[in-house]
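Here's the structure we're looking at; comments come further down.
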Amino acid sequence: MEYSLTEGQFDAPAEPAVVDGLSARLGVALPKDYTDFLKKHNGGEGFVHDSYIIFFKAEELANFNREYQVEKYAPGILLFASNGGGEAYGFDTDDVEMPIVRIPFIFMERQSAETIARDLADLFARLEDWK
């Protein structure tokens with residue numbers, strides 16, 4: 451799958467060893483489309499039409515989730531991106547399908563997580579549709 455930003459840019463690919471060891475470091479098997487994405491684009495930011503998104507680098511995922519105490523406030527969510535404002539995007543690791551959720555940074559709690567996409571391709575499609 452090819453992903454593109456209307457404006458902005460993706461970062462260079464992540465080191466394969468970093469991506470291959472990521473699931474073990476995070477303690478959760480990541481979706482293949484996401485690990486494939488990291489092998490092509492290790493983070494980056496920009497617009498998908500009118501929607502802004504910041505993808506975190508593979509090396510930053512564990513620290514970012516730990517610093518925001520995601521496991522304490524929203525157990526079962528693994529954040530991987532942000533809209534650059536008050537919301538984050540993450541995988542619902544409690545669901546075998548690992549859908550993508552949107553969750554507020556402020557007053558972060560599990561029940562605030564809203565399922566918005568089936569996978570990364572679906573997230574890009576939905577970002578294109580949001581005005």
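Letter 102 of the sequence shown, counting from 1, is numbered 552 in this note's numbering, and no numbers are missing. Every residue gets a Cβ at the ideal spot worked out from N, C-alpha and C, and that includes glycine.
Reference residue i, options the options, closest by Cα
| i | options | result |
| --- | --- | --- |
| Gly458 | Ser532, Phe497, Ala538, Pro554 | Phe497 |
| Asn452 | Val468, Ala467, Phe487, Trp580 | Note on residue identity: the sequence assigns Glu, not Asn, to residue 452. When each option's Cα is compared against that of Glu452, the closest is Phe487. |
| Pro463 | Lys489, Gly477, Ser454 | Lys489 |
| Asn513 | Leu573, Pro466, Leu529 | Leu529 |
| Glu521 | Asn533, Leu455, Val478, Asp461 | Val478 |
| Ala575 | Ser501, Glu495, Gly540, Gly536 | Ser501 |
| Gly494 | Gly526, Gln519, Phe460 | Phe460 |
| Pro549 | Ser454, Leu476, Asp483 | Asp483 |
| Asn515 | Ile503, Gly540, His499, Ile504 | Gly540 |
| Phe505 | Gly526, Leu570, Asp579, Asp544 | Leu570 |
7 angstroms Cβ shell around residue i - same chain, five flanking residues per side excluded
| i | result |
| --- | --- |
| Ala524 | Ile553, Met558, Glu559, Arg560, Ala563 |
| Gln519 | none |
For residue i: DSSP bridge partner residues
| i | result |
| --- | --- |
| Ser501 | Val498 |
| Arg552 | Tyr539, Glu564 |
| Glu457 | Phe497 |
| Ser532 | Ile504, Ala538 |
Cα-Cα separation between residue i and residue j, rounded to whole angstroms
| i | j | result |
| --- | --- | --- |
| Lys403 | Ala538 | Here the chain has residues from 451 to 581 only, and residue 403 is not among them. |
| Thr565 | Phe555 | 16 angstroms |
| Glu510 | Ala531 | 11 angstroms |
| Asp572 | Asn492 | 19 angstroms |
| Ser473 | Ala467 | 11 angstroms |
| Asp470 | Leu476 | 11 angstroms |
Exposure of residue i, with buried meaning 16 or more beta-carbon neighbours within 10 Å
| i | result |
| --- | --- |
| Val546 | exposed |
| Asp542 | buried |
| Pro481 | buried |
| Gly534 | exposed |
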